[in-house]
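Residue numbers (this note's numbering): 7 to 203. Yeah, the Cβ is synthetic: ideal placement off N, Cα and C, and Gly gets one too. A quick write-up on the structure given underneath.
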Ligand code: HEC
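Here it is, written out as structure tokens:
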């Protein structure tokens, strides 16, 4: 009898203390960037239904984003705020590179400090330079090194997100911006391949 009581007590303690962390991020967690909420030049969402909490921090321009927050500037790069304790080094952000087609998103790579984008540049390495009050969010002036990409280029990338209806009709302005991006990426790739001195 005593054993059963101890067992029950142990089980109930386990239930009480078990953290509620069971939510997953899958290919289906992501959508057309323009169906998210726009704040300045980037877009936000919340996978746990707390869009209000996410918007509050995004519009205040500083503070700690609530769990479930999704941030995107470029359609392929995503930051998702996971549960407390997920990754102290990244303030619980998970970084993603997602590949996109008109049929949806496929996660190419994901994780914390180790994640690189398709150009082999480390997400954390840049975003960690944001001052602490900005919770890893770079914007133009939060302490990260500038990437040298003007807003018109971000807008063109957003307008041509293949997941969004009508994205295959590209304006002359967006075409021009995407050509500029092509040149920037080519330069970046060249400098990465240059032999070490
Ligand atoms: C070379 C440095 C660099 C790398 C690498 C980088 N970022 Fe960024 N990121 C920035 C800068 C700077 C901005 C702000 C750009 C702007 O608003 O013009 C930014 C903006 C963003 C934003 C919009 C919110 C914000 O912080 O302003 C998200 C989301 C984001 N990046 C995710 C990622 C993810 C995910 C990766 C990796 C797959 C990544 N970034 C790689 C520098 C970088």
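In this structure, residue 100 and residue 117 form a Cβ contact; the two beta carbons are roughly 7 Å apart against a cut-off of 8 Å. A contact between stretches requires three or more CB pairs, one per stretch, nearer than 8 Å, and the stretch 70-88 meets this requirement with the stretch 46-60.
Membership of residue 63 in any beta strand (DSSP E) is not indicated; the residue belongs instead to the alpha helix (DSSP H) covering 57-66. Between residue 94 and residue 177, the alpha-carbon positions lie close to 43 Å from each other. Here the alpha carbon of residue 70 sits roughly 7 Å from the alpha carbon of residue 140. Contact between residue 194 and residue 162 does not hold, since their C-beta atoms are separated by about 17 Å, which reaches or exceeds 8 Å.
Around the CB of residue 182, fewer than 16 other CB atoms lie within 10 Å, so the residue is classed as exposed. Between the C-alpha atoms of residue 32 and residue 157 there is a straight-line separation of about 29 Å.
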